[in-house]
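Position 73 of the sequence shown, counted from 1, bears residue number 79 in the working numbering, the numbering being contiguous throughout. To keep things clear, I will list the structure first and then write my remarks on it.
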Amino acid sequence: MNLEEYKKFNKSQKDKVQKNTFIFVVIAIIAFTVFAVMLAFYILISSAHQFQDDFLEPTWLSITSLLCLLGIVGVIGIIFGLIKLRVLKKELKSIVDEIQLYKFTNS
7 MNLEEYKKFN
17 KSQKDKVQKN
27 TFIFVVIAII
37 AFTVFAVMLA
47 FYILISSAHQ
57 FQDDFLEPTW
67 LSITSLLCLL
77 GIVGVIGIIF
87 GLIKLRVLKK
97 ELKSIVDEIQ
107 LYKFTNS
């Protein structure tokens with residue numbers, strides 16, 4: 007594999023990672039927004055009066071907790087994506103530097 011082929015491969019890898027990171031950003035934003043709205047609504051309802059039955063309150067809180075967990079997973083996915091992009095960039099720079107050094111020593 008020569009340098010140009012590797013650059014194309016690296017670019018496709020970076021595009022995939024960027025797309026996945028964007029998906030995690032969207033998931034995290036949506037999950038945290040819905041989590042905040044549901045939690046605020048729960049606080050308003052519980053301060054005004056109690057829920058109608060005993061089943062609704064734990065269900066509401068468990069769904070809210072799952073949304074918070076989904077948001078945290080989104081943030082972790084974003085962090086892993088950014089780390090992967092940084093590693094791909096360093097790897098490409100390292101290979102380009104090695105090739106330039108090889109060309110310099112052989113000329």
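All residues carry an ideal CB built from backbone N, CA and C; glycine is no exception.
Between the C-alpha atoms of residue i and residue j, what's the straight-line distance to the nearest angstrom?
i: LEU115; j: LEU72; result: Only positions 7 to 113 of the chain appear in this structure, which leaves residue 115 out of reach.
i: ILE78; j: LYS96; result: 27 Å
i: LEU75; j: ASN8; result: 44 Å
i: SER100; j: ILE29; result: 29 Å
i: PHE38; j: LEU98; result: 35 Å
i: LEU67; j: VAL40; result: 13 Å
i: THR111; j: LYS17; result: 28 Å
i: ALA42; j: ILE89; result: 28 Å
i: GLU104; j: PHE15; result: 18 Å
i: SER52; j: LEU94; result: 49 Å
i: ALA54; j: ALA46; result: 12 Å
From this set, the options, which residue's C-alpha is nearest residue i's C-alpha?
i: GLU10; options: VAL102, ASN112, THR111 and PHE110; result: VAL102
i: THR65; options: PHE30, TYR48 and THR111; result: TYR48
i: VAL31; options: PHE110, ASN112 and GLY83; result: GLY83
i: ILE85; options: SER18, ALA34, GLN19 and PHE15; result: ALA34
So residue i packs on residue j, CB below 8 Å; how close in whole Å?
i: GLY87; j: VAL23; result: 5 Å
i: THR70; j: MET44; result: 5 Å
i: LYS25; j: LEU91; result: Their Cβ separation, rounded to whole angstroms, is 11 Å, which puts LYS25 and LEU91 out of contact at 8 Å.
So, with DSSP's three-state summary, where would you put residue i?
i: ASP60; result: coil
i: ASN142; result: Outside the shown range of the chain, which is 7 to 113, sits residue 142, and nothing can be said about it.
i: ASN112; result: helix
i: ASN8; result: coil
Would you verify that the beta carbon of residue i is, or is not, closer than 8 Å to some beta carbon of chain B?
i: ILE36; result: In the structure shown, chain B does not exist; there is a single protein chain.
| Below 8 Å, can you find three or more Cβ-Cβ pairs linking the segment 51-62 to the segment 9-28? | no
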